[in-house]
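Count the sequence shown with this note's numbering and you get residues 68 to 398, in order. Accompanying notes for the structure given below.
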Amino acid sequence: MKSEFDLINAFARRIRRAGARQPGVVVGVGDDAAVLRVNAREDLVVTTDALVEGVHFERRWLYGVNLGRRLAAVNLSDIAAMGASPRFAVVSFAIPSATPASFLEDIERGIVLELSHHGAQVVGGNITSTRGPLVCDMTLIGACARGRAWRRTARAGDAIVVAGELGAAAAGVALLRAGRKSGTLISAYARPVARLDVARALAKTRAVRGAIDVSDGLSSDLIHLCEAAGTGCEVHVRALPVARGVRAFCRTRSVDPIDWVLHSGEDYALILAVPPRQVEETCRAIRAAGVHAAVIGRFTRARDSYRLIDMSGKERAFRAGGWDHLRKVRR
Ligand SMILES: [Mg+2]
68 MKSEFDLINA FARRIRRAGA RQPGVVVGVG DDAAVLRVNA REDLVVTTDA LVEGVHFERR
128 WLYGVNLGRR LAAVNLSDIA AMGASPRFAV VSFAIPSATP ASFLEDIERG IVLELSHHGA
188 QVVGGNITST RGPLVCDMTL IGACARGRAW RRTARAGDAI VVAGELGAAA AGVALLRAGR
248 KSGTLISAYA RPVARLDVAR ALAKTRAVRG AIDVSDGLSS DLIHLCEAAG TGCEVHVRAL
308 PVARGVRAFC RTRSVDPIDW VLHSGEDYAL ILAVPPRQVE ETCRAIRAAG VHAAVIGRFT
368 RARDSYRLID MSGKERAFRA GGWDHLRKVR R
């Protein structure tokens with residue numbers, strides 16, 4: 068079976084081949100969100116993401132409200148990764164016949180709660196029945212000042228800044244799989260926070276050259292950014308923002324916390340490319356929004372070269388090791 072990323076790339080190629088770009092399409096397929104120009108002042112930013120039972124969640128893991136919040140948050144995170152503000156959403160559900168009506172209402176409540184917290188609203192949707200698993204799908208539209216969307220761009224020498232901490236959500240999933248019900252790590256999975264507060268603060272500074280959110284894992288998503296930007300990167304192990312509780316979790320499982328943090332997804336931190344002289348200002352703005360800021364390394368000229376520098380200064384190459392949903396394995 069092909070990987071999720073192979074399929075996405077093939078799909079994107081077919082979409083690009085399908086015809087000339089319409090006027091108004093500033094960024095088409097291939098970023099966290101598409102960017103559309105509708106007037107002289109603003110660009111529209113459009114993204115979509117679905118949660119599928121058995122792939123992204125098990126029903127016993129999440130209350131309906133948290134499932135709805137999570138659906139909103141994963142989409143909001145893509146809007147944050149574009150430096151935009153969310154506005155309108157349409158949702159679509161495919162529901163197995165045995166689903167209680169109250170569960171669906173809880174999902175809707177969660178969606179509305181999370182969106183309204185960030186100033187966005189649901190403007191339409193669709194419900195269908197299915198013999199398959201529960202599918203919750205959202206398309207989210209945001210806006211940003213004309214020409215200011217954060218693309219997947221970086222220049223050699225730019226700092227790699229991470230807003231948010233890593234490793235907690237995947238640890239939460241592992242604990243849920245093992246039958247645990249609650250705890251800080253499980254909350255990190257059940258209640259992800261899209262970094263729109265950071266995006267708003269940073270959009271004002273104009274210091275960010277490019278961005279991506281961490282949905283599949285730091286290694287995968289950083290490499291996605293590098294590939295789009297045509298750069299390599301160097302990452303310092305000592306600077307990685309390991310979330311609280313992750314080291315202890317890794318000890319009990321005899322897992323290297325650095326591997327865990329590099330390759331585990333679902334944390335929805337932001338990876339930012341920032342010119343060196345604006346790093347301090349950027350980190351200050353992130354921290355002022357109450358979020359952890361870490362400068363984990365820099366983008367380099369060496370295309371396709373992804374280096375990890377350990378505590379003793381030794382270097383090794385790293386690869387994309389994030390989550391591939393279709394294979395249900397780490398890549
Ligand atoms: Mg994304």
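In this text, a Cβ means the ideal position worked out from N, Cα and C, and glycines have one as well. This one's a predicted model, so the numbers in the text were calculated from it and none came from an experiment.
| query | result |
| --- | --- |
| Touch check for the stretch 190 to 197 and the stretch 259 to 271: three-plus C-beta pairs under 8 angstroms? | no |
| So does serine 183 have its beta carbon nearer than 7 angstroms to some heavy atom of ligand 1? | no |
| Could you have a look at arginine 368 and say whether DSSP puts it in helix, strand or coil? | coil |
| Assign proline 324 to one of three DSSP states: helix, strand, or coil. | helix |
| Starting from serine 196, trace the beta strand (DSSP E) in both directions and tell me its first and last residue. | 188 to 197 |
| Measuring straight from C-alpha to C-alpha, what distance separates arginine 305 and arginine 262? | 23 angstroms |
| Could you tell me the distance, in whole angstroms, from the CA atom of valine 132 to the CA atom of glutamate 172? | 8 angstroms |
| Report all residues from its chain with a CB closer than 7 angstroms to the CB of valine 346; omit the five preceding and five following residues, and keep chain order. | Ala226, Val228, Val362 |
| Could you check the C-alpha separation between valine 313 and serine 249 for me, to the nearest Å? | 15 angstroms |
| Whole alpha helix (DSSP H) runs in the stretch 201 to 281 with 4 or more residues, listed along the chain? | 235 to 244, 251 to 257, 263 to 272 |
| Below 8 angstroms between beta carbons: does that hold for cysteine 293 and phenylalanine 366? | yes |
| Just to confirm before moving on: does the CB-CB distance between leucine 252 and alanine 230 stay below 8 angstroms? | no |
| Going by beta-carbon coordinates alone, are glycine 284 and arginine 370 separated by less than 8 angstroms? | no |
| Do you know how far the Cα of aspartate 280 is from the Cα of alanine 100? | 11 angstroms |
| Judging by CA-CA distance, which residue of Val122, Ser144, Gly277, Ser286 is the nearest neighbour of isoleucine 325? | Ser286 |
| For leucine 129, name the three-state secondary structure that DSSP assigns. | coil |
| What's the call for proline 343, buried or exposed, on a 16-neighbour Cβ count within 10 Å? | exposed |
| Can you determine whether any heavy atom of ligand 1 sits closer than 7 angstroms to the C-beta of isoleucine 146, and answer yes or no? | no |
| In whole angstroms, what is the alpha-carbon distance linking glycine 364 and isoleucine 82? | 34 angstroms |
| State the Cα-Cα distance for the pair histidine 185 and proline 153, rounded to the nearest angstrom. | 7 angstroms |
| Buried or exposed, going by whether 16 or more other CB atoms sit within 10 Å of the CB of glycine 121? | exposed |
| Taking just the CA atoms, how far does valine 240 sit from histidine 291? | 24 angstroms |
| Does the beta-carbon of arginine 137 have 16 or more other beta-carbons within 10 angstroms, so that it is buried, or is it exposed? | buried |
| By Cβ distance below 8 angstroms, which residues in the same chain neighbour glycine 297 in space, the five residues on each side in sequence not counted? | Arg370 |
| Please classify arginine 394 as buried or exposed, where buried requires at least 16 neighbouring CB atoms within 10 angstroms. | Only weak support is given to the placement of arginine 394: the predicted model assigns it a pLDDT of 48, under 50, and the value that follows is read from those uncertain coordinates. That one is exposed. |
| Ligand 2 heavy atoms versus the CB of aspartate 99: any closer than 7 angstroms? | Among the ligands present in this structure, namely ligand 1, ligand 2 is not found. |
| May I have a chain-ordered list of the beta strand (DSSP E) segments no shorter than 3 residues that lie completely inside the stretch 301 to 351? | 337 to 341 |
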